[in-house]
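One structure is given below, encoded as structure tokens.
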Amino acid sequence: MNIKAALKYRLYDSKKPILIYYLAIAGLLLLLFTSFMSIKISSGRVNGMEMASAIFLFVFGMNSFKESFRLFMQNGVSRKTVFVSQLLSALIICATMSLIDNIISFLNKIIFTSDRFSYTGLIEQIYGKQGSGISMAILSFVFCFSLNLAFLSLGFLITTLYYRMNKGQKIAVSIGVPALLYVILPVLDTILFKKALSDAFGKLFSFAFGSPFASILSCIILSAVFYCFCWPLIKKAVVRD
2 MNIKAALKYR LYDSKKPILI YYLAIAGLLL LLFTSFMSIK ISSGRVNGME MASAIFLFVF
62 GMNSFKESFR LFMQNGVSRK TVFVSQLLSA LIICATMSLI DNIISFLNKI IFTSDRFSYT
122 GLIEQIYGKQ GSGISMAILS FVFCFSLNLA FLSLGFLITT LYYRMNKGQK IAVSIGVPAL
182 LYVILPVLDT ILFKKALSDA FGKLFSFAFG SPFASILSCI ILSAVFYCFC WPLIKKAVVR
242 D
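In my numbering, the protein residues as written are 2 to 242.
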């Protein structure tokens, strides 16, 4: 099986969950629209539903390795082909979903545009209006694409890391990382560093995600870093039950 065949398999395998996701989104939007029309409320607003796609792709990425890796290994596919086909499929899926999300956003703005109800896209919700017409549509697409790719690649990195770990390591990481982030670091930051860590993180976050263009660049860099870590993990992975 070459890269083209492996890519076709990955794209075919992704159709069902993506279709189910967009059916759920369509159902939710229909429910919101009918609720706004039937319930007597003074105003209503729908914001940034593109973020749901990023979260979906994070979960999708976390379920994109074990079964496909086992199948590819059984069919004599090289680990390089496994990695490249996953990367290419991620780019195609993220681009496709970003395009669909922007079309949905455009339609929502038409449907929910009135004195009582409105819809705001994710990039407008975070950064405000960044232009109009084609320029805004292109910026929104690139922003959503980079965000989706970062979330998917993070999910894929996590699942490849867990795949390589034994049971004890999985338990240690699952308990240790949340404890470090939500208990140990906040306590140290408050008692020992006098909020210096949180201030530094806030400045770094503002620098990396303070504008749409900075966010796009940061997400692309993060995606590249995540996939760079994925390759050595896949390169030495063995088939497990």
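Each residue gets a CB set at the ideal place from its N, CA and C atoms; glycine is no exception.
It should be emphasised that the depicted structure is a prediction, and the values quoted were computed from it without experimental measurement.
Name the DSSP bridge partner or partners of V47? The sequence position of residue 47 within the sequence shown is 46, counting from 1. DSSP output for V47 lists Y120 as bridge partner(s).
Keeping to the same chain, check which residues put their C-beta closer than 7 Å to that of S212; ignore five residues upstream and five downstream. Here residue 212 refers to the residue found at position 211 when the sequence shown is read from its first residue. So the list reads Y128, once near-sequence residues are dropped.
Considering only the alpha carbon of each residue, which of K81, F34 and L153 lies closest to V60? What you label residue 60 is simply residue 59 of the sequence shown in a count that begins at 1. Taking only the C-alpha atoms, the option nearest V60 is L153.
Using the three-state DSSP reduction, which class does D174 fall into: helix, strand or coil? Locating residue 174 in the sequence shown gives position 173, counting from the first residue. In the sequence under discussion, the amino acid at residue 174 is Val, which differs from the Asp named in the question. Looking at V174 - three-state DSSP - the assignment turns out to be helix.
Which residues in the same chain as I230 place their Cβ atom closer than 7 Å to its Cβ, once the five residues preceding and following it in sequence are excluded? Taking the first residue of the sequence shown as 1, we reach residue 230 at position 229. The sequence given here has Phe at residue 230, not Ile. For F230, where only same-chain residues beyond five positions count, the Cβ hits under 7 Å are L158.
CB contact flag (V83, I235, <8 Å): What you label residue 83 is simply residue 82 of the sequence shown in a count that begins at 1. What you label residue 235 is simply residue 234 of the sequence shown in a count that begins at 1. Yes, these two residues count as a Cβ contact at 8 Å.
Which residues mark the beginning and the end of the alpha helix (DSSP H) in which K196 is found? Counted from its first residue, the sequence shown places residue 196 at position 195. First-last for K196: undefined, no H or E at that position.
Start and end of the alpha helix (DSSP H) containing R80? The sequence position of residue 80 within the sequence shown is 79, counting from 1. Here the alpha helix (DSSP H) through R80 covers R80 to I112.
Does the distance from the C-beta atom of M50 to that of V240 stay below 8 Å? Sequence index remark: in the sequence shown, residue 50 carries index 49 (1-based). Sequence index remark: in the sequence shown, residue 240 carries index 239 (1-based). No; because the gap between Cβ atoms is not below 8 Å, this pair is not in contact.
Spell out a yes or no on whether the region 95 to 108 and the region 138 to 146 are touching, meaning 3 or more CB-CB pairs, one atom from each, closer than 8 Å. yes
Cβ pair count under 8 Å reaching 3, the region 118 to 127 against the region 180 to 194: no
For my contact list, L8 and A91 are in at a C-beta cut-off of 8 Å; report their separation, rounded to the angstrom. Taking the first residue of the sequence shown as 1, we reach residue 8 at position 7. Taking the first residue of the sequence shown as 1, we reach residue 91 at position 90. In fact, because the Cβ distance is near 11 Å, the residues do not count as touching under 8 Å.
The alpha helix (DSSP H) enclosing K236, as first and last residue numbers: Here residue 236 refers to the residue found at position 235 when the sequence shown is read from its first residue. Run containing K236: P213 to K236, per the alpha helix (DSSP H) assignment.
Simplified DSSP state of M166, which is helix, strand or coil: Locating residue 166 in the sequence shown gives position 165, counting from the first residue. Note: M166 maps to coil in three-state DSSP.
Beta carbon of M166 nearer than 8 Å to that of V178: The sequence position of residue 166 within the sequence shown is 165, counting from 1. The sequence position of residue 178 within the sequence shown is 177, counting from 1. In this structure, V178 does not lie closer than 8 Å to M166 by Cβ.
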